[in-house]
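Below is one structure, written out as structure tokens; the observations come after it.
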Amino acid sequence: MDEILNFWFDYEHEKAPIYNRKIWWVKDQKVDNILREKFGLLREKAIKGELDDCLELPKGTLAYIILIDQFSRNLFRDTPKMFEYDALALSAAKRALKQGLDKTLTLTERVFMYLPLEHSENMNDQNESVALFEQLLNETPEQYKSIAALFLNYARDHRLIIEKFQRFPHRNKTLSRESTSAEIEFLASHPGY
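At position 84 of the sequence shown (counting the first as 1) the number is 84 in the working numbering, and the numbers step up by one without a gap.
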């Protein structure tokens with residue numbers, strides 16, 4: 001699981017959080033292929049429950065969440081499979097939060113532990129996501145507050161979408177869900193995630 005964290009956070013690079021943002025939020029077939037080659041089989045083990053023992057430790061849980069929540073979005077881009085196991089990542093995140101495991105992680109690592117809540121189409125999860133990102137902003141040193149504020153704004157935006165539509169309309173096409181007229185209008189002006 002260390003290999004997941006080393007790849008995702010590039011711990012050896014002095015400015016890892018800034019540096020690795022280049023792979024975190026972009027659609028890049030090259031990155032998708034690297035993830036598939038390096039971690040595709042490990043992800044399959046995780047969804048079969050073969051890596052559940054790693055959920056006892058903060059870093060193991062974080063690696064598991066990244067593997068299921070983030071890497072799935074790369075490995076199965078624009079297919080229903082990218083969301084298929086979100087419930088596993090969400091369950092792992094909730095369990096870790098209940099145990100306070102997030103408090104042992106760096107601020108940047110905590111972002112990725114909280115993302116399964118932000119990705120959820122459940123309003124209670126969205127409220128918890130916003131609360132966690134508000135807390136993260138409050139705990140962030142002044143020089144990084146603008147970055148933490150961006151994460152909070154994204155969390156609030158996700159919550160507003162769920163509040164309005166009870167789901168993420170930008171997933172409709174991928175999940176073969178019929179869009180309402182209000183969702184179609186929204187999608188015309190919102191880039192989605």
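Quick reminder that beta carbons are idealized off the backbone N, C-alpha and C, glycines included.
C-alpha gap between residue i and residue j, whole angstroms
i, j, result
"Ser-179", "Asn-172", "6 angstroms"
"Asp-140", "Ser-146", "The sequence given here has Thr at residue 140, not Asp. Whole-angstrom Cα-Cα distance: 9 angstroms."
"Ile-4", "Glu-185", "39 angstroms"
"Leu-107", "Asn-127", "19 angstroms"
"Leu-117", "Leu-41", "25 angstroms"
"Asn-33", "Pro-80", "18 angstroms"
Reference residue i; option with closest CA among the options
i, options, result
"Leu-150", "Ser-181, Val-111, Lys-30 and Gln-166", "Val-111"
"Thr-174", "Asp-2, Thr-104, Arg-77 and Thr-106", "Arg-77"
"Ala-87", "Asp-53, Ile-65 and Lys-38", "Ile-65"
"Glu-56", "Leu-97, Gly-192, Leu-117 and Tyr-154", "Leu-97"
"Ala-63", "Gln-143, Met-113 and Tyr-154", "Met-113"
"Arg-43", "Trp-24, Ile-68 and Ile-23", "Ile-68"
"Leu-160", "Arg-95, Lys-38, Pro-58 and Ser-120", "Ser-120"
Proximal residues to residue i (C-beta, below 7 angstroms), its chain only, five neighbours per side dropped
i, result
"Arg-156", "Val-130"
"Val-26", "none"
"Leu-51", "Lys-45 and Tyr-64"
Buried or exposed by the 16-neighbour rule on C-beta atoms within 10 Å, applied to residue i
i, result
"Trp-8", "buried"
"Asp-2", "exposed"
"Leu-132", "buried"
"Asp-28", "exposed"
"Glu-163", "exposed"
"Met-82", "buried"
Own chain, CB closer than 6 angstroms to residue i, minus 5 neighbours either side, in chain order
i, result
"Ile-47", "Tyr-85"
"Ala-16", "Note on Ala-16: pLDDT 49, under 50, position unreliable in the model; no value is reported."
"His-170", "Gly-192"
Cβ shell of residue i (< 8 angstroms), same chain only, five flanking positions each side left out
i, result
"Cys-54", "Met-1, Gly-60, Thr-61, Ala-63 and Tyr-64"
### Task
Check whether the segment 94-105 touches the segment 67-77, taking contact to mean three or more Cβ pairs, one atom from each stretch, closer than 8 angstroms.
no
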